[in-house]
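Novice: Let me give you the structure first, and then I'll get to my questions.
Number of protein chains: 4
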Amino acid sequence: MLKVGVIGFGYWGPNIVRNFNALKDSEVTRVCDLNQASITRIHECYRHITTTSDYRDITGSPDIDIVAVVTPVFTHYEIARAALLNGKHVFVEKPFTSTVAEAIDLIEIADKKGLKIMVDHTLLFTGSVRKIKELIDNKELGNIYYYDSTRINLGLFQHDVNVIWDLAPHDLSIMDYIIEDRPIAITANGVDHFKRGLEDVAYITIYFENNIIAHFNMNWLSPVKMRTTVIGGDKKMLIWNDLAADEKIKIYDRGVNIESKEGVYKLLVDYRSGDIWTPKIDMTEALKLEAEYMIDCIYNNITPINDGNAGLSVIRILEASLLSIKNNGKMVNL
Amino acid sequence: MLKVGVIGFGYWGPNIVRNFNALKDSEVTRVCDLNQASITRIHECYRHITTTSDYRDITGSPDIDIVAVVTPVFTHYEIARAALLNGKHVFVEKPFTSTVAEAIDLIEIADKKGLKIMVDHTLLFTGSVRKIKELIDNKELGNIYYYDSTRINLGLFQHDVNVIWDLAPHDLSIMDYIIEDRPIAITANGVDHFKRGLEDVAYITIYFENNIIAHFNMNWLSPVKMRTTVIGGDKKMLIWNDLAADEKIKIYDRGVNIESKEGVYKLLVDYRSGDIWTPKIDMTEALKLEAEYMIDCIYNNITPINDGNAGLSVIRILEASLLSIKNNGKMVNL
Amino acid sequence: MLKVGVIGFGYWGPNIVRNFNALKDSEVTRVCDLNQASITRIHECYRHITTTSDYRDITGSPDIDIVAVVTPVFTHYEIARAALLNGKHVFVEKPFTSTVAEAIDLIEIADKKGLKIMVDHTLLFTGSVRKIKELIDNKELGNIYYYDSTRINLGLFQHDVNVIWDLAPHDLSIMDYIIEDRPIAITANGVDHFKRGLEDVAYITIYFENNIIAHFNMNWLSPVKMRTTVIGGDKKMLIWNDLAADEKIKIYDRGVNIESKEGVYKLLVDYRSGDIWTPKIDMTEALKLEAEYMIDCIYNNITPINDGNAGLSVIRILEASLLSIKNNGKMVNL
Amino acid sequence: MLKVGVIGFGYWGPNIVRNFNALKDSEVTRVCDLNQASITRIHECYRHITTTSDYRDITGSPDIDIVAVVTPVFTHYEIARAALLNGKHVFVEKPFTSTVAEAIDLIEIADKKGLKIMVDHTLLFTGSVRKIKELIDNKELGNIYYYDSTRINLGLFQHDVNVIWDLAPHDLSIMDYIIEDRPIAITANGVDHFKRGLEDVAYITIYFENNIIAHFNMNWLSPVKMRTTVIGGDKKMLIWNDLAADEKIKIYDRGVNIESKEGVYKLLVDYRSGDIWTPKIDMTEALKLEAEYMIDCIYNNITPINDGNAGLSVIRILEASLLSIKNNGKMVNL
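Residue numbers (our numbering), protein chains in the order written: chain X, 1 to 334; chain A, 1001 to 1334; chain C, 2001 to 2334; chain P, 3001 to 3334.
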């Protein structure tokens, strides 16, 4: 039975506590939060859990095996570092850290100490993303042409990060997971409408080797919520609408074969338009699977798909996006 | 009665002929096409129209008042120039010309000769765009935050222009028409998956004074067709889905009021979510209204909303997009 | 502070307990269930609530003011009767009773004793139905032509009632609430595909004075879930899609004006097709409002909109539907 | 080359003329219409076609092989009879005739004379219905539970028939085509809101042997147009949305297995929810295929799927629906 200490019990923390607590091989024993109301809520629901307002009571406790860091991003490094140095495995909310340097430092400490880092890229554990991964691994889509994501809604404005740091980690972690090729460069554009120094509408384009292109449309000022990803391959194409109640993923047997003969008018294009298929998606709660997987990785010494390096890949792109946006969309090599 | 000569009777030419021919104040008298099958089709449907395979029979004819140029873009300049020099008004398919220099030259000739240029920005005459223009002019949306367009489909691959030159002119002409502020810079990114030297997936971001941002997602490799534009304002927001049968425009009484007090945690955000309104859209054929308007502009010496300068605005952006894309998304000032 | 005893803690009971318990003027003090697992769940979540497996411990308790009956329909009469005879107000799950006679008996007892009956027609308290009621009361739709409901899904098969008794009470209670005119006759048709004596696909048509017609399509064997109601009036028309995330109600400024002159070919029809309007819907939990309203009705001696007579109206139609369906869709007067 | 005479050139007639005229084995030689504007339109488009205002110039002409009857339903019998008696094959608009007796008489004449009757059940020749037929014939859906059709819109009010005679023939002809079992009884309900003696909102329920049930919802007063059919089988289920641009048919691998053991609480229900599949639909114009098929049936002496008996099946149900509706939804045996 692994003992879990959870730091941060605001919006997402209660889900972390609930899931680690419900597993047969783990148990949440202590929770930290600065907010008295949060502390009260814990006591109401979980009589066996003790609480504290000092995270060091968790990172330094000899009775805890896993520290879950569910705090604002700028605090991740300090807390996770303390936990690792005290020999704890860490489960860190995304985005992993505020900088690439911080991420590298945490990874090195964990490696040296033989500890696991898991970054909470929850969406990787949804039925939808697991199905997409399976389709791509099985070459159902063929070679990937592009990955095009729209993640827009009205608010919630964050006070410490821009819309890219808020919304892109979801899609970047998925892109990183399902596309084997490596991103080589990024451009980012955006606007800060409220003069806060934080963009509320932004766009990222990522170039890969092999001519794959990825694009991300992020917006805190959209009248409607959209969570749509289009993935085009040379065999098939796919649309994932995460807000659909019933048909989240559609696979289109559509494509184009092009032969470009000499001369501008010798273009031979053959369009293919076949059936559409909507696979059944497993609806198990993603966080439940992720928590189970964490335990499994520790017990069986498995490197998580969402380990520190996966977290670092996302931070590398986020950091590059800040540089690009400050330089008017200049391309930044990764 | 104005006499119209139409050059090009391929995909779009027949619509031009039909509409100018049906007006009470204009009549198509001659059509030019290089393709014998097109010539045969004309004779079948329009007994009074004479045909030719040499465009100079139209641009040089003393009996023709308006020359409609419905040919590939790289031929627009030569043909429109010949028509203007012979004292004809011209109606030119979009995009207006291949270069900014060509567009400026045509505008200067027309100005000097007191002739009208109308660029066929057809969508400006749809009920949807006229309604959007009316809403924005009446300040229904308030100050504009962003203009975000998605225009994607499977094919049709063009053999002489990239996806931006093919699809963006529609949206750029609309953006130019409905947003009063002036674009100041552009970045473009894209990929050519078939090694033809022509991008098939591309993205444009345009910056305006006053922090407006515009974005265009264009794709010839999408499994589904989408024609969606989201326009956010500080009072209301709007979604235009041009493919919807019945509810093309929805206006959302939604928005956000933000007060950013000192300190990162002092953000006061107030979200507003009210009614949605779907105005009735006039379904008159856009090209019919546009052709009528051309006649009206000539008779009453009105400067068309889609005159040479409107065409030039679009070409300026298209030309800049080529420069930006060649320079890895570098920002190009307009 | 009114004390509430809840009988039945299966699928819906926990919601009843949670809502009555959260109000400032009521408190759930005792819960009855035959199932030991349910009893355990209560103790886990609500330390102050006592439990029993004998409903008479609640209906006969001197400390209880309101008895909530959340049990299978065939038990409602016995339990509610016991509660009323002991001077308790009752909150009864829908459908109210198994027969018209039972409903009338309960109403008479309550009247005699000055007690309130509230039938749990929860949907009446949704933002959607309250908005529809308001629109119809304000004559926004004009005179009603028809009420057409589709409520279909895959399962859940009930073991003691047919698909009409399972699904129709929702819509019948709404129809009864929003249409002022009185139903005068009903026909019902349906099929039992599994030879259980209980129809799984069924249709009801209800005739009103003034030529209003209502129709209900119910199906436990549909591949998809639909919850759609169309209401046509002579001024406007309305579609309520209860499954829509964001635009549950749309009001169409559409209609038809007909003058039927003498002779078959003298029909003058004028179609009107105007704007569509999607009002904002209040998303407060319906059951919370209903529970509050129960307390308010008791304290201020208000007759609930969903009182015993409202419950009786629904049972009258359900009972008539059984008669009609047994007689091959014969019209049954109400 | 078969010569076709077309009687009636109003709304649908031009499509009949265009299609029979475009085939290589048939040619429209004469058209009849009472309206001078229609006659003018024919001369504009088809120089070789002669016209008349007396249908007997067509039914009695020695040069005509096929007579297409595209007139109001109450005239079908007289015209088709004249054509058959003169040895012409007939193509008759739906509904076939005004009464069962008329239909039987025409069938007998055609049989005696060895002539073909084809009733214009156009939808049978759409890619969608051909695909549904193929799926059902291949037992993809298994045994059919129900057929549920919604065909509603705003107008067009007919002046001589009610909404059932206007809209139901489409769906009845499809039902008759794809369901092998025979309907045994029907009930119909409806309301005439404009006191014209013609229902504008109506519902039909049809019972089959083997517990299949079919239901039809027809409405001229709906704010929106719907053309949706749900077909449930014990293996799979299907939804056909004829208005969908891209995904007209969806096949759901969903269903339910029920074992009803002794006792009300012994119900064992197993729900199955698998993939969804959207087959590609052939988009060839249905009327083109139907016209070709007519020629083929004549040349090769094939009995059309939409012969006089198919037309009669529909008329039998329509006639029974009138009887049922006049008798308050009384069940009428077929």
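Glycine included, every Cβ here is placed at the ideal spot set by N, Cα and C.
Verify whether the separation of the beta carbon atoms of P/Gly3127 and P/Asn3086 is less than 8 Å.
Specialist: No. Outside cutoff.
Novice: Measure the C-alpha to C-alpha separation of C/Ala2110 and C/Glu2180 and round it to an integer number of angstroms.
Specialist: C-alpha separation (whole angstroms): 25 Å.
Novice: Report yes if the CB atom of C/Thr2122 is closer than 8 Å to the CB atom of C/Leu2287, and no otherwise.
Specialist: Contact flag set, yes.
Novice: Alpha carbon to alpha carbon, what distance is there between P/Asp3120 and P/Asn3306?
Specialist: Taking the straight line from one Cα to the other gives about 7 Å.
Novice: Note down the Cα distance separating X/Ile276 from C/Ile2039, rounded to an integer number of angstroms.
Specialist: Taking the straight line joining both Cα atoms gives about 48 Å.
Novice: Enumerate in chain order the residues of its own chain whose CB-to-CB distance from C/Val2332 is below 6 Å, with the five nearest sequence positions on each side excluded.
Specialist: Ile2186, Ala2320, Leu2323 and Ser2324.
Novice: I'd like to check one pair, X/Gly114 with X/Trp220: are the Cβ atoms closer than 8 Å?
Specialist: Not a contact, by the Cβ cut-off of 8 Å.
Novice: Quick check: is the beta carbon of P/Val3224 nearer than 8 Å to any beta carbon in chain A?
Specialist: Cβ-Cβ to chain A under 8 Å: yes for P/Val3224.
Novice: C/Val2092 and C/Ile2058 look like a contact to me (Cβ under 8 Å); what is the Cβ gap, rounded to whole Å?
Specialist: Not confirmed; about 14 Å, so no contact.
Novice: Just mark X/Met283 as buried or exposed, buried being the case when its beta carbon has 16 or more other beta carbons within 10 Å.
Specialist: When all chains shown are included, X/Met283 counts as exposed.
Novice: Kindly say whether X/Asn189, judged by its beta-carbon, lies nearer than 8 Å to any beta-carbon of chain A.
Specialist: Chain A, which has a Cβ nearer than 8 Å to the Cβ of X/Asn189, makes this yes.
Novice: Report the neighbours of P/Glu3247 on chain X: residues whose CB is nearer than 8 Å to its CB, in chain order.
Specialist: Result: Ile276.
Novice: Grouping DSSP H, G and I as helix and E and B as strand, with all else coil, what is C/Val2264?
Specialist: Residue placement at C/Val2264 is flagged as unreliable, the pLDDT there being 49, under the threshold of 50; the coordinate-derived value follows with that caveat. Residue state, collapsed to three classes: coil.
Novice: Along the chain, where does the alpha helix (DSSP H) that runs through X/Phe20 open and close?
Specialist: Taken as a continuous stretch (DSSP letters only), the alpha helix (DSSP H) holding X/Phe20 covers Gly13 to Ala22.
Novice: Under 8 Å between C-beta atoms, does A/Ser1273 make it to chain C?
Specialist: Yes, because at least one Cβ of chain C sits closer than 8 Å to the Cβ of A/Ser1273.
Novice: For a contact defined as C-beta to C-beta under 7 Å, what are the partners of P/Lys3280 on chain X?
Specialist: Neighbours of P/Lys3280 on chain X, chain order: Ser273, Gly274 and Asp275.
Novice: Compile a chain-ordered list of the residues in the segment 1134 to 1153 of chain A whose CB is closer than 9 Å to at least one CB of chain X.
Specialist: Flagged, chain order: Tyr1145, Tyr1146, Asp1148, Thr1150 and Ile1152.
Novice: Using DSSP's beta-bridge definition, name the partner residues of X/Thr187.
Specialist: X/Thr187 is bridged to X/Thr205.
Novice: Is it a yes or a no for the segment 139 to 156 of chain X touching the segment 73 to 88 of chain X, going by three-plus beta-carbon pairs under 8 Å?
Specialist: With the cut-off at 8 Å, the segment 139 to 156 of chain X and the segment 73 to 88 of chain X do not touch.
Novice: On the criterion of 16 or more Cβ atoms from any shown chain inside 10 Å, does C/Cys2032 qualify as buried, or is it exposed?
Specialist: C/Cys2032 should be labelled buried.
Novice: Going by C-alpha to C-alpha distance, which of X/Lys330, X/Ile302 and X/Leu334 sits closest to X/Glu209?
Specialist: For X/Glu209, the nearest C-alpha among the options comes from X/Leu334.
Novice: Output yes if chain X places a C-beta closer than 8 Å to the C-beta of A/Lys962; else output no.
Specialist: Residue numbering for chain A in the displayed model covers 1001 to 1334; residue 962 of chain A lies beyond these limits and cannot be assessed.
Novice: Give the residues of chain X in contact with A/Ile1258, contact being defined as C-beta atoms less than 7 Å apart.
Specialist: Under the 7 Å cutoff, chain X gives Phe157 and Phe194.
Novice: In whole angstroms, give me the CA-to-CA distance for A/Val1264 and X/Ile258.
Specialist: Below a pLDDT of 50, predicted positions are generally treated as unreliable, and A/Val1264, at 49, falls in that range; the measurement from the model is reported next regardless. Their Cα atoms are separated by approximately 53 Å.
Novice: On the criterion of 16 or more Cβ atoms from any shown chain inside 10 Å, does A/Gln1158 qualify as buried, or is it exposed?
Specialist: When all chains shown are included, A/Gln1158 counts as buried.
Novice: If you drop the 5 nearest sequence neighbours on each side, which residues of the same chain put their C-beta closer than 6 Å to that of P/Trp3012?
Specialist: Same-chain partners within the cutoff: Val3070.
Novice: Can the beta-carbon of C/Ile2251 be found less than 8 Å from the beta-carbon of C/Leu2135?
Specialist: Yes.
Novice: Enumerate, from N- to C-terminal direction, the unbroken alpha helix (DSSP H) stretches of 4 or more residues contained entirely within the segment 77 to 121 of chain X.
Specialist: Fully enclosed alpha helix (DSSP H) runs of 4 or longer: 100 to 113.
Novice: If you drop the 5 nearest sequence neighbours on each side, which residues of the same chain put their C-beta closer than 7 Å to that of C/Pro2072?
Specialist: The residues are Asp2160.
Novice: Name the residue from P/Pro3169, P/Ile3212, P/Arg3254 and P/Glu3247 whose alpha carbon lies nearest to the alpha carbon of P/Met3218.
Specialist: P/Met3218 has its Cα closest to that of P/Pro3169, out of P/Pro3169, P/Ile3212, P/Arg3254 and P/Glu3247.
Novice: Following the continuous beta strand (DSSP E) through C/Arg2316, name the residue where it begins and the one where it ends.
Specialist: Taken as a continuous stretch (DSSP letters only), C/Arg2316 belongs to no beta strand (DSSP E), being part of the alpha helix (DSSP H) at Gly2308 to Lys2326.
Novice: Expressed to the nearest angstrom, what Euclidean distance is found between the alpha-carbon atoms of A/Val1090 and A/Leu1172?
Specialist: Using only the alpha carbons, I get a separation of about 21 Å.
Novice: Can you find a C-beta in chain P that's less than 8 Å from the C-beta of C/Val2264?
Specialist: Confidence is the limiting factor: at C/Val2264 the pLDDT is only 49, short of 50, which leaves the residue's position unreliable and the question unanswerable from this model.
Novice: Using only the alpha-carbon positions, how far apart do A/Arg1030 and A/Glu1285 sit?
Specialist: The alpha-carbon atoms of A/Arg1030 and A/Glu1285 are separated by roughly 23 Å.
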